[in-house]
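In my numbering, the protein residues as written are 12 to 452.
Cβ coordinates follow ideal geometry from the N, Cα and C atoms, glycine included.
To keep things clear, I will list the structure first and then write my remarks on it.
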Amino acid sequence: MSNQRPKADVAIVGLGWAGSVMAEELTRAGLNVVAFERGKWRDTSIDFPPAIDPDELRWHTCRKMLQPMSVETMTFRNNSGETAAPVRNWSAFQFGWDVGGAGTHWAGMSWRFLPWDLEAATKTKERYGAGKIDADLMLQDWCLTYADMEPYYDRFERIAGTSGTVGTVGNIKGQTFEGGNVFEGPRSRDYPTLELKDTNWMHMYRETTEKMGYHPFTIPAGNISQAYVNALGITMGPCTYCGFCDFHGCGNFSKSSPQVCILPALMRRKNFTVMTETEILHAVKHEDGKTVKGVKFATSDGEEGFQPADIVCFTAYQMDNVRLMLLSGIGEQYDPESGKGTIGRNYCYQTCSSVTGFFDGAKMNPFIGGGALGVQIDDHNSDNFDHADLDFIGGAGIMGYSINGRPIQNMNGLRPGAKRWGSESKAACARDYQEAAAIFC
Ligand code: SF4
């Protein structure tokens, strides 16, 4: 191939959170890393300074940070008997695009899995017996336990600057403290930065759930509460609760993202190269068919080339990783009829639901908001309650949150029956902007 680049130790495909974390670790270990990103370069000061970040029309309504449908579409069907149809509205799907990927526009809710989540099959059988698991429920443990993951969660939080309930955190080395999440797995130490402050709605939700006997806690946030120098020596600024957070970038260097937390260190390393607007077509295998020797790419000018590398990491969005593995002839494609194959099996996305309540005369002031600003109870999450007489396993965290006060979006959240036009509609907007509050699972 004529357009062959110099050999690298590692080729990284997709420069979002996963790609930038891996590139940081591998370059620090001395390896020569080339990262490929099919989108453009994105940086805080150029793309979302404070004057541009709150542009709701651009970022939230038009979703300019998400994968453009004109470039890449996808088809969908509910079962293999249907004809797949093109998706015309991403709805809840939030595919990242450009450098930083979904890590740039995410809300910043920085959860660790609960220990049960990683061993759901084993723990369910232990507590309720094997008969609890329905024969056609595809349930298995992850290959890692919470104890295996803890050092890596801790490392990530030190890079991301994660804010949480410091001092009264839920579970330090097995000792639980009220005020934090008493249901979480043991942490080796506190969060690196203090928890965010309560809004009016969070305060109401906390007081109410406490009175009901539950255990409310401020959720761990990648909207950091105070200035912080992270584990890579990069300075982050405190969140201003600007309310234009998920789907937006952050102009204050306060939202944990690859741009803010990793790339400033990574871009200074001589053994790191990034190729933007360059799409990976597939990995190329060695003649033995068992290992790969690099990746084939195409630039935005349509020029194709080859990047030789000893290691190839697919760190794009999950569906793109699956697509790339199938295009590269790696692994066995999942077949829903036979249940065989692992590539593409059990894909699942955010299974969330929410409800909005209206509080007559309240002043919720939703213009004070953040992507990860909420108070949650985990009493009904995971296996934190007895399922013996229930016909399901698992559960959900239940959160009162103050995620945004975006004016355009909130005009869609009026009380049922509110007029949609004229002066009555305007009055309803003004009233319900202040009186609405959401609970999210
Ligand atoms: S809410 Fe905070 S973290 Fe989110 S964009 Fe605004 S300042 Fe940044």
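query                                                                                                        : result
heavy atom of ligand 1 below 7 angstroms from Cys272 C-beta                                                  : no
Contact belief for Gln15 with Phe317 at Cβ below 8 angstroms, rounded distance in angstroms                  : 5 angstroms
Exposed unless 16 or more other CB atoms sit within 10 angstroms - verdict on Gln78                          : buried
Neighbourhood of Tyr225 by C-beta, 8 angstroms cutoff - its chain only, sequence neighbours within 5 removed : Ile388, Asp390
Simplified DSSP assignment, three categories, for Cys253                                                     : strand
Environment of Arg123 [buried if 16+ CB atoms lie within 10 Å]                                               : buried
Residue from Phe451, Ile63, Phe264, Met336 with nearest C-alpha to Ile245                                    : Phe264
Closer than 7 angstroms: Lys75 CB and nearest ligand 1 heavy atom                                            : no
Exposure of Ala103, with buried meaning 16 or more beta-carbon neighbours within 10 Å                        : exposed
DSSP beta-bridge partners of Pro347                                                                          : Answer by DSSP bridge pairing: none, since Pro347 is not bridged.
Entirely enclosed alpha helix (DSSP H) segments - the stretch 311-378, minimum 4 residues                    : 329-338
Alpha helix (DSSP H) segments (min. 4 residues) lying fully within the stretch 26-72                         : 28-39, 55-58
Val522 in three-state terms, based on DSSP                                                                   : In this structure the chain extends from 12 to 452, so residue 522 is not present and cannot be described.
Through-space distance from Asp209 to Leu384, alpha-carbon basis                                             : 8 angstroms
Any non-hydrogen atom of ligand 1 within 7 angstroms of Gly254 CB                                            : yes
Residue ranges of each beta strand (DSSP E) within the stretch 392-418, 3 or longer                          : 409-412
Inter-stretch contact at 8 angstroms, needing at least 3 Cβ pairs: the stretch 413-423 / the stretch 245-262 : yes
Beta-carbon proximity of Asn234 to Lys184, cut-off 8 angstroms                                               : no
Check: Gly416 C-beta below 7 angstroms from any heavy atom of ligand 1                                       : no
When Pro227, Ala242, Cys253 are compared against Ser236, the one with the closest alpha-carbon               : Cys253
Straight-line Cα distance separating Trp70 from Gly80                                                        : Residue identity check: residue 80 is Met in the sequence provided, not Gly. Taking the straight line from one Cα to the other gives about 15 angstroms.
Helix, strand or coil at Asp20 according to DSSP, with G and I counted as helix                              : strand
Where Arg217 falls, given that 16 or more other Cβ within 10 Å makes a residue buried                        : buried
Run of the alpha helix (DSSP H) containing His214, from where it starts to where it stops                    : 211-222
heavy atom of ligand 1 below 7 angstroms from Asn332 C-beta                                                  : no
Option in Thr135, Arg431, Gln361, Gly368 with minimal Cα separation from Phe403                              : Thr135
Residue interval of the beta strand (DSSP E) (run including Ala294)                                          : 289-296
Check: Asn234 C-beta below 7 angstroms from any heavy atom of ligand 1                                       : yes
Cβ contact (3+ pairs, closer than 8 angstroms) linking the stretch 86-104 and the stretch 158-177            : no
Cβ of Cys452 within 8 angstroms of any chain B Cβ                                                            : Protein chains in the displayed structure number just one, and chain B is not present.
Simplified DSSP state of Ile230, which is helix, strand or coil                                              : coil
Three-pair Cβ contact test at 8 angstroms for the stretch 124-131 versus the stretch 268-280                 : no
Ser265: CB within 7 angstroms of a non-hydrogen atom of ligand 1                                             : yes
Where Gly142 falls: helix, strand or coil (DSSP)                                                             : helix
Contact the stretch 346-353 vs the stretch 181-200: 3+ CB pairs below 8 angstroms                            : no
Local Cβ density within 10 Å of Asp58, reported as buried at 16 or more and exposed below that               : buried
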